[in-house]
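The numbering of the sequence shown is my numbering, which starts it at 590 and goes up by one. Note that CB positions come from ideal geometry on N, CA and C, so glycine has one too. Notes follow once the structure below has been shown.
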Amino acid sequence: MDAIKIKRVAFIRDFADLCYVREQVFIKEQGVPSTLEWDGLDQDAFHLIALTATQQPVGTVRMIKDGHIGRMAVLNEWRNQGIGQQLLMRIIELARPLELKQVFLAAQTSAINFYTRYGFVAHGEEYMDAGIPHQNMSFILKE
């Protein structure tokens with residue numbers, strides 16, 4: 590496995606790399622309409638990108654300032670190598686100084702076990718978003 594670097598990036602400056610990963614995973618692989626993927630919340634969000642040693646973007650995640658984590662994506666050929674874990678741990682680290690009590694996300698149901706492994710707890714009923722079943726989950730930062 591190539592060494593992966595997780596880097597905080599600016600949406601405007603690193604738009605092409607962030608878009609590449611999200612378009613590959615959400616729009617092409619999962620069939621999410623581009624109008625839903627590009628929701629207007631990116632410019633003010635925190636963004637992380639996973640890069641290979643050759644600076645190839647292979648994963649991304651964002652967090653809105655209210656603690657909503659989303660757009661977590663790893664290219665198919667790079668999955669199951671710990672990249673998602675690295676992205677998730679780093680975005681939680683970014684949330685801690687914001688004085689939030691918790692972070693939350695809408696997990697695709699296929700990823701619930703992944704998030705549960707890192708301390709996220711499911712809440713409420715399963716629901717559909719962009720034709721994909723989701724479950725709300727949260728992670729307590731401080732009591």
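Taking a 10 Å sphere around the C-beta of Pro722, we find fewer than 16 other C-beta atoms and assign the residue as exposed.
Bounds of the alpha helix (DSSP H) holding Ser623 are 623–626.
Counted as a single uninterrupted DSSP element, the beta strand (DSSP E) harbouring Asp718 occupies residues 710–718. Contact between the region 680–693 and the region 616–629 is absent: fewer than three C-beta pairs spanning the two stretches fall below 8 Å.
The criterion of a C-beta distance shorter than 8 Å is not satisfied by Phe728 and Gly713. In terms of Cβ geometry, Met652 and Phe635 form a close pair [threshold 8 Å].
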